[in-house]
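Position one of the sequence shown corresponds to residue 1358 (my numbering), numbered consecutively onward.
Glycine included, each C-beta is placed from N, C-alpha and C at the ideal position.
The structure displayed is predicted, hence computed values, not measured ones.
First comes the structure, then the notes that go with it.
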Amino acid sequence: MFPTFVATHLVSTLVHMGNTSHRLTQCCLNETYCISVDTERYPDLLIKPSTTPLPSFHDPIGWGPPELHTLPTFNRSKSPFLEGFYLNKFHGIDQIYRFLEAITESSKLATLLNLGFTFETRPLLGLMITSRVRPDPRDPEAPAIVFVECGMHAREWTAPAACLLVIHQLVSHYDKDTEQVRRMVDDFEWRIFPVMNPDGYAYSMSVDRLWKKNRSKLRPADKNGGSPFSNCSGVDLNRNFDTAEFCENANLQDPCGPDYCGRHPFSELETRALKDHILGLRRARSRQSRIQFYFSVHSYAQLWIFPHGHRNGSLSLEERRRLEGVSRGAVHEISKIKGGFGQWRYGNITQLLGYTGPGASTDWAFDSAGIFYSFAIELGPHSSVGETFGYTVSELQIPRSATELWVGLKYCTLNY
């Protein structure tokens, strides 16, 4: 049921909790390992012992209320590959890309997109989903775009998994669902990139579970590194965008640290490809961006974040009112989900977490690309669980996070 790395982190964390005054519940990870879980501090992370046989990952997930037990199924007859693809699993990058290809083969709504290639020559694939027949970007009547990028941080496996659900909902429910999905696809052009850091994601799955950065190699000439750091790899892609205060924080300047900002803004193939693609989505006459919503999906903490993540950013009272209104509404809708994580918060990063995060994609989208509704979404679990639990959640958490993301995006696109 639980991967070995999860069991290891659980045992390690519980051993170091120290305070044993809370109510403890025993949980058996398998036949060998049983541990006591603090149910007051970590109530949502583990399933309580049950005599009911555990379902396989191909079966409905056995937790929460009925509406969250399962993820929706595909019309599998149109694509043999989809017959064995389940949305309640963490898939490798090759499987995710095959999924995107299968969707384009089985749906007239979807077109495969490639932003470019990574350091390890993997493509940066995504989908365009629209009911219009290949809309001309120069057409002044071309629909506004909802841009969703996920998986920029390698270890945040929940983000790509949740974004696959969004793709599924838009494509599979267009012809058979309520008016809401049809409106979302008819009124907007969706561009969704489930894994913006495929090299790091693959490395996190095969070598280092908590790897965060991409996998580019640093050169000895790096101004912050030099020869002592020439063997270090990777840049935090969400600190590599050209924003105010770029790389000013000391923790961003260590080439061997997890938050390294890079040699200069857009030093990385992934961020340059994203920038070029976004700047190319402007209307021919006005030069205004066609992108109405920009969502950067991460995990974990249950936060709905709007600009800015640096100290130099300033919003007018009207801008702040509008961004807070959207954020408040999305969080309110998410809070209605029975069995959801609950406890979502909204604001900018300094308000919510007490520190700055310059170089983020959403700040660049807001300040430089002219996309007003730019949000970073941190999926569950809650920030109080700590990194050990936050990043290494089991597949059992996918439906909950995916549903919360879907509800938030649906609220925004149907109301603004």
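| Check | Outcome |
| --- | --- |
| Exposure of C1613, with buried meaning 16 or more beta-carbon neighbours within 10 Å | exposed |
| N1705 and P1664 closer than 8 Å at C-beta | yes |
| Per-residue DSSP class, three states only, for I1460 | helix |
| Any 3 or more C-beta pairs closer than 8 Å across the region 1668–1678 and the region 1741–1753 | no |
| Of the listed residues G1619, A1733, F1456, E1744, nearest to H1525 (C-alpha basis) | F1456 |
| Pair within 8 Å by beta-carbon distance, T1719 and S1731 | yes |
| CA-to-CA distance, R1642 to L1445, given in whole angstroms | One detail in the question is off: residue 1445 reads as Asn in this sequence, not Leu. Going by the C-alpha atoms only, they are around 44 Å apart. |
| Helix, strand or coil at V1372 according to DSSP, with G and I counted as helix | Summary for V1372: the model assigns pLDDT 34, below 50, so the residue's position carries little reliability; its value from the coordinates is reported in the next sentence. Note: V1372 maps to helix in three-state DSSP. |
| 3-residue-minimum beta strand (DSSP E) runs that sit fully inside the region 1708–1759, ordered along the chain | 1730–1739 |
| Check whether E1675 and G1765 have beta carbons under 8 Å apart | no |
| Distance between D1599 and R1620 (C-alpha atoms, nearest Å) | 12 Å |
| DSSP three-state assignment for L1381, whether helix, strand or coil | Because L1381 sits at a pLDDT of 34, beneath the cut-off of 50, its placement in the model cannot be relied upon, and the following sentence gives the value as read from the coordinates. Note: L1381 maps to strand in three-state DSSP. |
| For Q1526, the three-state DSSP class (helix, strand or coil) | helix |
| Sufficient close CB pairs (3 or more, under 8 Å) joining the region 1461–1468 to the region 1504–1523 | no |
| Exposed unless 16 or more other CB atoms sit within 10 angstroms - verdict on L1660 | buried |
| Reduced DSSP category for S1590 - H, G, I as helix; E, B as strand; rest coil | strand |
| Rounded separation between S1740 and I1728 - CA only | 28 Å |
| Meets three-Cβ-pair contact criterion under 8 Å: the region 1473–1489 and the region 1542–1554 | yes |
| Nonlocal neighbours in the same chain, by C-beta distance under 6 Å from P1517, ignoring five residues either side | C1507, G1508, P1551, V1552 |
| Start-to-end residues for the beta strand (DSSP E) that takes in G1473 | 1467–1474 |
| Identity of the residue in A1501, A1499, I1502, W1547 nearest C1520 by Cα | W1547 |
| Euclidean distance between Cα positions of W1721 and H1655 | 17 Å |
| Reduced DSSP secondary structure (H/G/I, E/B, other) of P1622 | coil |
| Assumed close pair Q1649, V1503 - CB separation to whole angstroms, cut-off 8 Å | 7 Å |
| Span separating the alpha-carbon of L1710 from that of R1702 | 11 Å |
| Test: G1619 CB closer than 8 Å to a CB of chain B | Absent from the structure: chain B. Only one protein chain is present. |
| L1674: first and last residue of the uninterrupted alpha helix (DSSP H) it sits in | 1674–1692 |
| Cα-Cα separation, D1532 to K1695 | 27 Å |
| Reference W1514, options S1725, F1623, E1735, closest by Cα | E1735 |
| Delimiting residues of the beta strand (DSSP E) encompassing P1480 | 1480–1486 |
| CB of S1777 within 8 Å of CB of E1625, strictly | Residue 1777 is absent from the structure shown; the chain starts at 1358 and stops at 1773. |
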